[in-house]
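**Q** Chains as they are written, first to last, in this note's numbering: chain R, 34 to 616; chain S, 6 to 604.
The beta-carbon is built from N, C-alpha and C at its ideal position, and this holds for glycine as well.
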Amino acid sequence: MTAPAADPPAPGRDPLLRMAALARPRGGRFALGVLLGALATGSGVALLSVAAWLIATAATHPPLTAISLAVVATRALGVSRGVTRYLERLVTHDAAFRTLADVRVRVYERLARTEPVRRFRSGDLVTRLVSDTDATQDLLVRGLTPPLIALVTGGAVVVFGTVLLEPGGLLLAAGLLLAGVAVPLAAAAMGRGPGRRQAAARGELSTALVDTLYGAPDLVAYGAMDRAVDRVAAADAELTRVARRDAALLGFGAGATALITGLTVWATLLLGVSAVEDGTLGPIPMAVLVLTALAAFEIVAPLPAVAARLGAVRASGRRLFDVLDTPPAVAPPPDGAPAAAPEGADLRVRGLRVRYGPAEPWALDGVDVDVPAGRTVAVLGPSGAGKSTLAAVLFRFRDPDAGTVELGGADITGRPVDDARRVVAGVPQDPHVFASTLRENLRLARPEATDDDLWAVLRRVRLAGDAAAMPQGLDTEVGSHGTRLSGGMRQRLALARALLAAPRLLVLDEPTAHLDPDTRDAVVADLLDAAEGYSTLLITHDLAGLDRVDDIYVVAEGRVVQHGTHTALLSRDGWYRDAHRQP
Amino acid sequence: MKPLDPRLVRGARAVRVHLAATVATGTAVTGLLLVQAWLLAHTIAGATEGRGAADLARAVAAVAAVAVARGLLAYAAEAAALRSAALAKSQLRRRLVAHVTGAGLPPGAGGDSPPAPGPGGADPVWLSGAAGSGSGTGTPRAGELVTLATRGLDALDDYFARYLPQLVLAVLVPVAVLAVVAGADLLSAVIIAVTLPLIPVFMALVGMHTQARTRRQWRLLSRLGGHFLDVVEGLPTLAVFRRAKAQATIIRRITDEHRRTTMATLRVAFLSAFVLELLATLAVALVAVQIGIRLMYGMLDFETALLVLILAPEAYLPLREVGARFHASMEGVAAAEEVFAVLEEERGGAGGGTAAAAALPDGPVRVRLEGVGLTYPGRDVPALSGADLTLEPGRTLLLTGPSGAGKSTLLALLLRFASPTAGRIEVGPADPPDDDGGGGGWVPLDAVPADRWRARIAWVPQDPYLFDAGVEDNIRLGAPDAGREEVRRAARLAEADGFIAALPDGYATRLGERGARLSAGQRQRIALARAFLRDAPIVLLDEPTAHLDPDNAAAVRTAVLRLLKGRCGLIVAHDTGWADAVDGVVRVEPARAGTEVPS
Numbered sequence: 034m035t036a037p038a039a040d041p042p043a044p045g046r047d048p049l050l051r052m053a054a055l056a057r058p059r060g061g062r063f064a065l066g067v068l069l070g071a072l073a074t075g076s077g078v079a080l081l082s083v084a085a086w087l088i089a090t091a092a093t094h095p096p097l098t099a100i101s102l103a104v105v106a107t108r109a110l111g112v113s114r115g116v117t118r119y120l121e122r123l124v125t126h127d128a129a130f131r132t133l134a135d136v137r138v139r140v141y142e143r144l145a146r147t148e149p150v151r152r153f154r155s156g157d158l159v160t161r162l163v164s165d166t167d168a169t170q171d172l173l174v175r176g177l178t179p180p181l182i183a184l185v186t187g188g189a190v191v192v193f194g195t196v197l198l199e200p201g202g203l204l205l206a207a208g209l210l211l212a213g214v215a216v217p218l219a220a221a222a223m224g225r226g227p228g229r230r231q232a233a234a235r236g237e238l239s240t241a242l243v244d245t246l247y248g249a250p251d252l253v254a255y256g257a258m259d260r261a262v263d264r265v266a267a268a269d270a271e272l273t274r275v276a277r278r279d280a281a282l283l284g285f286g287a288g289a290t291a292l293i294t295g296l297t298v299w300a301t302l303l304l305g306v307s308a309v310e311d312g313t314l315g316p317i318p319m320a321v322l323v324l325t326a327l328a329a330f331e332i333v334a335p336l337p338a339v340a341a342r343l344g345a346v347r348a349s350g351r352r353l354f355d356v357l358d359t360p361p362a363v364a365p366p367p368d369g370a371p372a373a374a375p376e377g378a379d380l381r382v383r384g385l386r387v388r389y390g391p392a393e394p395w396a397l398d399g400v401d402v403d404v405p406a407g408r409t410v411a412v413l414g415p416s417g418a419g420k421s422t423l424a425a426v427l428f429r430f431r432d433p434d435a436g437t438v439e440l441g442g443a444d445i446t447g448r449p450v451d452d453a454r455r456v457v458a459g460v461p462q463d464p465h466v467f468a469s470t471l472r473e474n475l476r477l478a479r480p481e482a483t484d485d486d487l488w489a490v491l492r493r494v495r496l497a498g499d500a501a502a503m504p505q506g507l508d509t510e511v512g513s514h515g516t517r518l519s520g521g522m523r524q525r526l527a528l529a530r531a532l533l534a535a536p537r538l539l540v541l542d543e544p545t546a547h548l549d550p551d552t553r554d555a556v557v558a559d560l561l562d563a564a565e566g567y568s569t570l571l572i573t574h575d576l577a578g579l580d581r582v583d584d585i586y587v588v589a590e591g592r593v594v595q596h597g598t599h600t601a602l603l604s605r606d607g608w609y610r611d612a613h614r615q616p
Numbered sequence: 006m007k008p009l010d011p012r013l014v015r016g017a018r019a020v021r022v023h024l025a026a027t028v029a030t031g032t033a034v035t036g037l038l039l040v041q042a043w044l045l046a047h048t049i050a051g052a053t054e055g056r057g058a059a060d061l062a063r064a065v066a067a068v069a070a071v072a073v074a075r076g077l078l079a080y081a082a083e084a085a086a087l088r089s090a091a092l093a094k095s096q097l098r099r100r101l102v103a104h105v106t107g108a109g110l111p112p113g114a115g116g117d118s119p120p121a122p123g124p125g126g127a128d129p130v131w132l133s134g135a136a137g138s139g140s141g142t143g144t145p146r147a148g149e150l151v152t153l154a155t156r157g158l159d160a161l162d163d164y165f166a167r168y169l170p171q172l173v174l175a176v177l178v179p180v181a182v183l184a185v186v187a188g189a190d191l192l193s194a195v196i197i198a199v200t201l202p203l204i205p206v207f208m209a210l211v212g213m214h215t216q217a218r219t220r221r222q223w224r225l226l227s228r229l230g231g232h233f234l235d236v237v238e239g240l241p242t243l244a245v246f247r248r249a250k251a252q253a254t255i256i257r258r259i260t261d262e263h264r265r266t267t268m269a270t271l272r273v274a275f276l277s278a279f280v281l282e283l284l285a286t287l288a289v290a291l292v293a294v295q296i297g298i299r300l301m302y303g304m305l306d307f308e309t310a311l312l313v314l315i316l317a318p319e320a321y322l323p324l325r326e327v328g329a330r331f332h333a334s335m336e337g338v339a340a341a342e343e344v345f346a347v348l349e350e351e352r353g354g355a356g357g358g359t360a361a362a363a364a365l366p367d368g369p370v371r372v373r374l375e376g377v378g379l380t381y382p383g384r385d386v387p388a389l390s391g392a393d394l395t396l397e398p399g400r401t402l403l404l405t406g407p408s409g410a411g412k413s414t415l416l417a418l419l420l421r422f423a424s425p426t427a428g429r430i431e432v433g434p435a436d437p438p439d440d441d442g443g444g445g446g447w448v449p450l451d452a453v454p455a456d457r458w459r460a461r462i463a464w465v466p467q468d469p470y471l472f473d474a475g476v477e478d479n480i481r482l483g484a485p486d487a488g489r490e491e492v493r494r495a496a497r498l499a500e501a502d503g504f505i506a507a508l509p510d511g512y513a514t515r516l517g518e519r520g521a522r523l524s525a526g527q528r529q530r531i532a533l534a535r536a537f538l539r540d541a542p543i544v545l546l547d548e549p550t551a552h553l554d555p556d557n558a559a560a561v562r563t564a565v566l567r568l569l570k571g572r573c574g575l576i577v578a579h580d581t582g583w584a585d586a587v588d589g590v591v592r593v594e595p596a597r598a599g600t601e602v603p604s
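Have a look at this one:
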């Protein structure tokens, strides 16, 4: 079951409202949570009101039966408040977690349809997106239910006060609105200026610190550390100065709340005393009214914290909906998709052009590449030459703007993405190793694979020895991002996965990117051995293993600048021969 | 984790001042609270007895005065707390930076900097063990330290402004309320006195149980919690293998599993708040019922009963507030504790050299390594062992060997980032004085002050660190007073003038964070320009052309050969492509002696 993709993108709407709308499927649970919360807060206020009535009545020395109901009510309220508060917290947290599951699935499904590579290349962005998603939970538990609870109980208290003495109810309403709405909003607004100023000063400090700590070896070697530390001290002094000056603004909320609470109690007292003197109010209701006013401000106590955090949650929501509103980079295929799957395994790329936006330069500008069936072809070039864009098109992460990509004579770019990926597999740049076991990481590519299949493919990529030596063999946990494996092992694992998928074309995107020179040659040699028999496209920026490939394309600035075999290119003037001459 | 870390109080004067101010404010708040309760009880009872508004006017006016005073006090306390927090954070931050960089810092904004380590003291903590990791730049801890010094310490705001004042009130108010209630009605005082201590006891019991339970579930929770991030990061890989769609179901399943596990933990964790709330309200209800019944039988007067009823909830309120603010403010305390942990770390012993500052004449020097090795503390395998070589003026050596053999470690030793744990490094003048008695003027490297020694070295690391400043300032790193013309000359010698001139603002262009504007080869040439400007007799180069494309590699090679001319050089490189450009090759093997072979 998946969350209904209910509301259409409405970029103009407040992200807070859109985030709250995500909770709509769980509305019942949240309503129950608000009800329980209102009972809890209400019990607290009612306890003092009932107790005031109890004592004021007892002071008139009535028979015991006159107060016995109040005695029972007081005791019951003494218990109900704790119980309902406990239940409220459980119910709202549970509802928020359920909503989180909906939102995560929704974000994920959207990401899976959007181009998954270019936009989220930076690990920081991914981490932030995930925490923005999780911010919905925070909004629901701490941002949405407390105001609703305050609204319900506040309304009830005002009605109660009005019943006792009409102006008393109005006074309570005014006091609660001021302390619960006006002051928190004003305090949050006043906090924005200091927040901005301090963020700027903190940014300076952070930059100075980053330079000083990350650049420490260079600074020490060049005797410049003292100057760097002076810069940190100056930035720190500025931040401290700004923060101390702004403290005067930030104290407003606390002071105003205390003042309004005290003055409301005072005004109620003044009103009550006069009303008793006038005879419009009995002494017992007067005691109840004043003590209710004293207890009522507990209702609005959580609201300043809510107002203060809304800004951060809104920013999270804005970033989240930015992602959710992004149109997919791969167009859905036209109805009645092409008929038969291609038979051959020869890749033919013609006139391929791709750019990442109408105003951006061409990342690929008319590229032709051929990989004959069963052969290995390399695409070589410096970073930024457009090599990874080629891989993105082959993996169907992106639609090309022009040109054709034919495998076995059929164009794969018009086909549904998963159809294309059935025949093209490989190792994307920075292949992800999941925080799971070796077996699960492999079976990702073919869930029905037996252990024999897995060992066979591990032998093929020369990982079987290492895998057998691991404490639990295939059941060994590889750690988050595969940190328990070496860089070479991760590449071998990624290729093993690709081979398990049994594609017709293997694309290896920068398999040596994060390997040190010692292991690079061995890894490339083993990868090419393992890929023997497949049509293989090796995309790389370094020269390791190029003497073994059948054909080489040198790409620069989105175009093929040289093409030929290793020996042919070495015998010619040009980029390739220059590259080999370097130490 | 303690609610009040004594190191925090001892370490920063701002904290002591703040604590005193908080206690004073807390006392005043407690007093006002008692006065307000008495005034309310007095007025209500008076009005009930039929006294008119005019008769009670002074008491009613006093209630308004108390309200204004409480408002002012709350404002002043919050503002003062935030000011103290800013100061205390600054003081902690400065101590942290001084400690990890080994530099002295000018006094803090509050004029109360703790004794900063003097120059020439022990070497900073970040260096020990860091330079042996292949690339010499940066440490894995640097990022953590930056976060700790900024966002981590900011969590102390909550601690100072919200938690500490409540902690003070949580001690003062119950005691004061109890004293007043005891004076008014002993039986009510007994109920409060019995229930109050139960709260911390029960909370501690529940807390201990929760902690044990949470710890048991922690691994499961963090695994489930990290799953979504893992899947989103691995999306391209999942897409390639057509597993992207299937994962949506798994995400829901795992998130639901996470919810169930978390809820199981929360059911217990919320018990602590439940106990607190239940005891507090139940006690108030008991007090109310009990005074009501005694009032009915005339054993108590109305005003006293009202006073007790108004005060009873106040005894529990600060405890609840402290409980509610405990977790948020403990983040700040945790950050402060981390700072103290860093401050207490032993500094590496690599510095030295001030004790018997040996005289090393100016001019060209020789460096001799005999059986030099380094084993980092806590590791079994030496990072470098048995290295023998001699650096001579005008001669360049190439240091090769497989990764892990200790090539970069050897450079770190020469830069005095660490001290050898075996063998010795000695330096001597290129032309030993005649009256030396044949000793050659050799002195141990340790005996030379580290900063004076480093002034003789120009180092080009494998991944040079560029600062988010102008090109010119980046080149001036080792010679801050160099003139514009000198900088340009250095850049020309480093083959960097061409691309710098092509930048939008030429030499004034800001390079962005870590020199993001430039390619690896261009960054390398900026580092070479630094070395030219430094004009030092010894040049150390770490993998100068690794990972560079041909055009950049050629330019860097030209500049390197120019830089080495007439100096004493040492190139660390993986491949032997530099062999024809040097005067000798030294090969180091992991944990084996290196020997010089003629090239």
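#1: Please check if any C-beta of chain R sits within less than 7 Å of the C-beta of P241 of chain S.
#2: Is there at least one Cβ from chain S nearer than 7 Å to L303 of chain R's Cβ?
#3: Take V191 of chain R as the anchor and find which of R:A99, R:A207, R:L272 has the nearest alpha-carbon.
#4: Is the Cβ of W299 of chain R closer than 7 Å to any Cβ of chain S?
#5: Would you grab the beta carbon distance between N479 of chain S and S524 of chain S for me? Rounded to a whole angstrom, and I think it's under 8 Å.
#6: How big is the Cα-Cα spacing for G391 of chain S and A427 of chain S?
#7: How would you call Q524 of chain R, buried or exposed, if buried means at least 16 neighbouring beta carbons within 10 angstroms?
#8: Any idea what DSSP makes of V333 of chain R, helix, strand or coil?
#9: Whose C-beta lies closer than 8 Å to the C-beta of G248 of chain R among residues of the same chain, with five residues either side of it excluded?
#10: L123 of chain R and V104 of chain R look like a contact to me (Cβ under 8 Å); what is the Cβ gap, rounded to whole Å?
#11: Do R454 of chain R and V245 of chain S count as a contact pair if the criterion is CB distance below 7 Å?
#12: Can you pull the DSSP bridge partners for Y586 of chain R?
#13: Determine, for W447 of chain S, whether the minimum Cβ-Cβ distance to residues of chain R falls below 7 Å.
#14: Give me the residue from R:G384, R:L353, R:W395 with the minimum Cα distance to A435 of chain R.
#15: From V418 of chain S to E431 of chain S, what distance separates their C-alpha atoms?
#16: Can you find a C-beta in chain S that's less than 7 Å from the C-beta of T132 of chain R?
#17: At the 7 Å Cβ level, is W458 of chain S part of the contact set with chain R, yes or no?
#18: Which residues share a DSSP beta bridge with R383 of chain R?
#19: Starting from V104 of chain R, trace the alpha helix (DSSP H) both ways and give me its first and last residue.
#20: Buried or exposed: which applies to M304 of chain S, given that a residue is buried once 16 or more other Cβ atoms fall within 10 Å of its Cβ?
#21: Looking at T260 of chain S and the ligand COA, is the gap between the Cβ and the nearest heavy atom below 6 Å?
#22: Which bits of chain R does Q252 of chain S rub up against, with CB to CB less than 9 Å?
#23: In three-state terms, what does DSSP make of S95 of chain S?
#24: So, is H574 of chain R buried or exposed, given that buried needs 16 or more other C-beta atoms within 10 angstroms?
#25: If you compare alpha carbons, which of S:G571, S:A175, S:A249, S:H263 is closest to H232 of chain S?
**A** Checking against the coordinates, here is how it stands:
#1: Against the second sequence, residue 241 of chain S aligns to sequence position 236. True, the Cβ-Cβ gap to chain R drops below 7 Å.
#2: In the first sequence, residue 303 of chain R corresponds to position 270, counting from 1. Judged by the 7 Å Cβ criterion, L303 of chain R is in contact with chain S.
#3: Locating residue 191 of chain R in the first sequence gives position 158, where the first residue counts as 1. Closest option to V191 of chain R, Cα to Cα, is R:A207.
#4: In the first sequence, residue 299 of chain R corresponds to position 266, counting from 1. Output row for W299 of chain R: interface = yes.
#5: Your numbering for residue 479 of chain S matches position 474 in the second sequence. Your numbering for residue 524 of chain S matches position 519 in the second sequence. No, N479 of chain S and S524 of chain S are not in contact; Cβ-Cβ is about 15 Å, not under 8 Å.
#6: Position 386 of the second sequence holds residue 391 of chain S. Position 422 of the second sequence holds residue 427 of chain S. The alpha-carbon atoms of G391 of chain S and A427 of chain S are separated by roughly 8 Å.
#7: Mapped onto the first sequence, residue 524 of chain R falls at position 491. With 16 or more other Cβ atoms within 10 Å, it is buried.
#8: Walking along the first sequence from the start, residue 333 of chain R turns up at place 300. If DSSP states are grouped into helix, strand and coil, V333 of chain R belongs with coil.
#9: In the first sequence, residue 248 of chain R corresponds to position 215, counting from 1. The residues are A261.
#10: Taking the first sequence and counting its residues from 1, one reaches residue 123 of chain R at position 90. Taking the first sequence and counting its residues from 1, one reaches residue 104 of chain R at position 71. Going by Cβ atoms, the distance from L123 of chain R to V104 of chain R rounds to 30 Å, so no, they are not a contact pair.
#11: One-based indexing of the second sequence puts residue 245 of chain S at position 240. One-based indexing of the first sequence puts residue 454 of chain R at position 421. For V245 of chain S and R454 of chain R, yes; Cβs fall inside 7 Å.
#12: Taking the first sequence and counting its residues from 1, one reaches residue 586 of chain R at position 553. In DSSP, Y586 of chain R forms a bridge with R:V412, R:H596.
#13: The residue labelled residue 447 of chain S in the question sits at position 442 within the second sequence. So no, W447 of chain S is outside the interface.
#14: Residue 435 of chain R sits at position 402 when you count from the first residue of the first sequence. Closest option to A435 of chain R, Cα to Cα, is R:G384.
#15: The sequence position of residue 418 of chain S within the second sequence is 413, counting from 1. The sequence position of residue 431 of chain S within the second sequence is 426, counting from 1. Rather than Val, the amino acid found at residue 418 of chain S in this sequence is Leu. Looking at the two C-alpha atoms, the distance is approximately 12 Å.
#16: Working through the first sequence from its first residue, we reach residue 132 of chain R at position 99. So no, T132 of chain R is outside the interface.
#17: Within the second sequence, residue 458 of chain S is the residue found at index 453, counting from 1. No, W458 of chain S does not count as interfacial toward chain R.
#18: Start at 1 with the first residue of the first sequence, and residue 383 of chain R comes out as number 350. Bridge partners of R383 of chain R: R:T437.
#19: Taking the first residue of the first sequence as 1, we reach residue 104 of chain R at position 71. Run containing V104 of chain R: 97 to 146, per the alpha helix (DSSP H) assignment.
#20: Along the second sequence, read from residue 1 onward, the residue named residue 304 of chain S stands at position 299. With fewer than 16 Cβ atoms within 10 Å of its Cβ, M304 of chain S is classed as exposed.
#21: This structure does not include the ligand COA; it has no bound ligands of any sort.
#22: Counting from 1 along the second sequence, the entry for residue 252 of chain S is found at position 247. Within chain R, the residues near Q252 of chain S are Y141, A145.
#23: In the second sequence, the residue the question calls residue 95 of chain S occupies position 90. Helix at S95 of chain S.
#24: Position 541 of the first sequence, counting from 1, holds the residue named residue 574 of chain R. Result: buried.
#25: Numbered from its first residue, the second sequence carries residue 232 of chain S at position 227. Nearest C-alpha to H232 of chain S: S:H263.
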